[in-house]
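Going by the UniProt record's numbering, 52 is the number at position 52 of the sequence shown; the sequence numbering is gapless. C-beta atoms are modelled at their ideal positions from N, C-alpha and C, and glycine is treated no differently. If you're wondering where the values come from, they're calculated on a predicted model, not measured in any experiment. Below you'll find the structure, written out as structure tokens, and then a few comments.
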Amino acid sequence: MSSSQSDRARELLRLHREPALLTVVNVWDAITAKVVADIPGTKALATASHSIAASRGYPDGEKIPVAEMIAEVKNIVDATDLPVTADLEGGYGDAADTIRRAIAVGVVGANLEDQVKPVAEAAAQVAAVIAAAEAEGVPDFVLNARTDVFVRAGDRDPAEVLADAIERGRAYLDAGAPVVFVPGKLDLDQVTALVDAVGPQRLTLIGLPGTPALSDLERLGVARVSFGPLSQRVALTALAELVESVHQGGGVPEGTRPLN
Numbered sequence: 001m002s003s004s005q006s007d008r009a010r011e012l013l014r015l016h017r018e019p020a021l022l023t024v025v026n027v028w029d030a031i032t033a034k035v036v037a038d039i040p041g042t043k044a045l046a047t048a049s050h051s052i053a054a055s056r057g058y059p060d061g062e063k064i065p066v067a068e069m070i071a072e073v074k075n076i077v078d079a080t081d082l083p084v085t086a087d088l089e090g091g092y093g094d095a096a097d098t099i100r101r102a103i104a105v106g107v108v109g110a111n112l113e114d115q116v117k118p119v120a121e122a123a124a125q126v127a128a129v130i131a132a133a134e135a136e137g138v139p140d141f142v143l144n145a146r147t148d149v150f151v152r153a154g155d156r157d158p159a160e161v162l163a164d165a166i167e168r169g170r171a172y173l174d175a176g177a178p179v180v181f182v183p184g185k186l187d188l189d190q191v192t193a194l195v196d197a198v199g200p201q202r203l204t205l206i207g208l209p210g211t212p213a214l215s216d217l218e219r220l221g222v223a224r225v226s227f228g229p230l231s232q233r234v235a236l237t238a239l240a241e242l243v244e245s246v247h248q249g250g251g252v253p254e255g256t257r258p259l260n
């Protein structure tokens with residue numbers, strides 16, 4: 001690992017520990033990485049596995065070969081000097097090895113889904129990933145240990161789902177993860193309960209339509225908000241609207257910037 005990669009890992013961890021909320025608008029290739037990185041205020045980049053898979057013709061859910069995922073992540077890392085954290089789904093069958101491969105291309109953090117495995121099994125996977133990162137010389141690697149209990153809640157009692165998320169979050173922190181990721185459409189009471197349970201600057205969330213304001217999340221002590229596949233959906237919506245405009249006799253919108 002180069003000293004610059006070590007510095008980026010340390011910086012990414014610092015950004016999560018700061019009281020200021022870290023926001024990361026997810027990217028999926030080199031040009032989106034460059035555009036996002038060049039916007040003033042951007043401090044780190046996060047990849048979106050769903051978006052990378054979609055851009056290469058695969059459905060979400062570890063259908064893309066891990067080599068293709070890592071290759072695209074490398075393109076993103078190479079496009080910026082900012083710290084990059086990679087969404088690596090559930091680890092593609094060997095989470096520790098996938099993390100090693102990601103570190104080899106310059107990644108300094110990662111999301112890792114628990115896919116609602118038994119808590120002990122998921123926590124052991126977290127511990128193995130942290131050990132692999134340390135062995136690769138990245139002790140400050142920012143593993144964002146994700147629990148899928150809210151996104152897979154179905155008709156479970158919300159209070160039971162929240163308790164499950166708290167148990168898993170604490171277990172993953174105990175296993176060495178610096179932060180835990182609880183995606184889902186959460187309200188302020190649920191976010192407050194999670195921060196109280198895992199501690200300030202330890203919880204990361206996804207920004208979905210209708211979720212609490214970023215200012216409220218910062219006040220509560222949330223470490224980071226990312227946007228997953230939503231950023232690609234915004235871009236594709238703009239593309240679809242251009243096509244609709246052209247079909248109706250219009251054209252390129254005023255204010256379109258030459259960003260590529």
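(Q) In the DSSP assignment, the alpha helix (DSSP H) including Ala-159 goes from what residue to what residue? (A) Run containing Ala-159: 158-174, per the alpha helix (DSSP H) assignment.
Q) What is the DSSP secondary structure of residue 265, counted as helix, strand or coil? A) Since the first residue shown for the chain is 1 and the last is 260, residue 265 is missing from the structure and cannot be characterised.
**Q.** Neighbour-count burial assignment, Pro-212, 16 or more Cβ in a 10 Å radius
**A.** Flag for Pro-212 reads buried.
Q: Return the chain-ordered list of same chain residues with a C-beta closer than 7 Å to the C-beta of Gly-176, the five sequence neighbours on each side being excluded.
A: For Gly-176, the CB contacts under 7 Å within the same chain, skipping 5 residues up- and downstream, are Val-126, Ala-127 and Ile-130 in chain order.
Q | With 16 other Cβ atoms within 10 Å as the buried cut-off, status of Arg-202 | A | By the Cβ neighbour-count rule, Arg-202 is buried, with 16 or more other Cβ atoms within 10 Å of its own.
Q | Burial state of Gln-190, where buried means 16 or more other Cβ atoms lie within 10 Å | A | The residue is buried, with at least 16 neighbouring Cβ atoms inside 10 Å.
(Q) Does Asn-111 come out as helix, strand or coil in the three-state DSSP assignment? (A) Strand at Asn-111.
Q: Give the C-beta separation of Val-182 and Leu-173 to the nearest angstrom, bearing in mind that I take them to be a contact with Cβ-Cβ under 8 Å.
A: Between Val-182 and Leu-173, the beta carbon gap of about 12 Å keeps them out of contact (Cβ cut-off 8 Å).
Q: Starting from Ile-206, follow the alpha helix (DSSP H) in both directions and report where the run begins and ends.
A: Element bounds for Ile-206: not the alpha helix (DSSP H) but the beta strand (DSSP E), 203-206.
Q | Contacts around Leu-214, its chain only, beta-carbon distance under 8 Å, and the 5 residues preceding and following it disregarded | A | Once the five neighbours on either side are set aside, the close Cβ partners of Leu-214 are Leu-21, Thr-23, Gly-207 and Val-225.
Q. Does the Cβ of Asn-260 have 16 or more other Cβ atoms within 10 Å, making it buried, or fewer, making it exposed?
A. Around the beta-carbon of Asn-260, fewer than 16 other beta-carbon atoms lie within 10 Å, marking it exposed.
**Q.** Option nearest Gly-199 by Cα separation, candidates Lys-185, Asp-38, Asp-216 and Leu-220
**A.** Ranking the options by Cα distance to Gly-199, first place goes to Leu-220.
Q) In chain order, what residues of the same chain lie with their CB nearer than 6 Å to the CB of Thr-42, ignoring the 5 residues before and after it? A) When the five nearest sequence neighbours on each side are left out, the beta carbons in the same chain lying within less than 6 Å of the beta carbon of Thr-42 are those of Val-36, in order along the chain.
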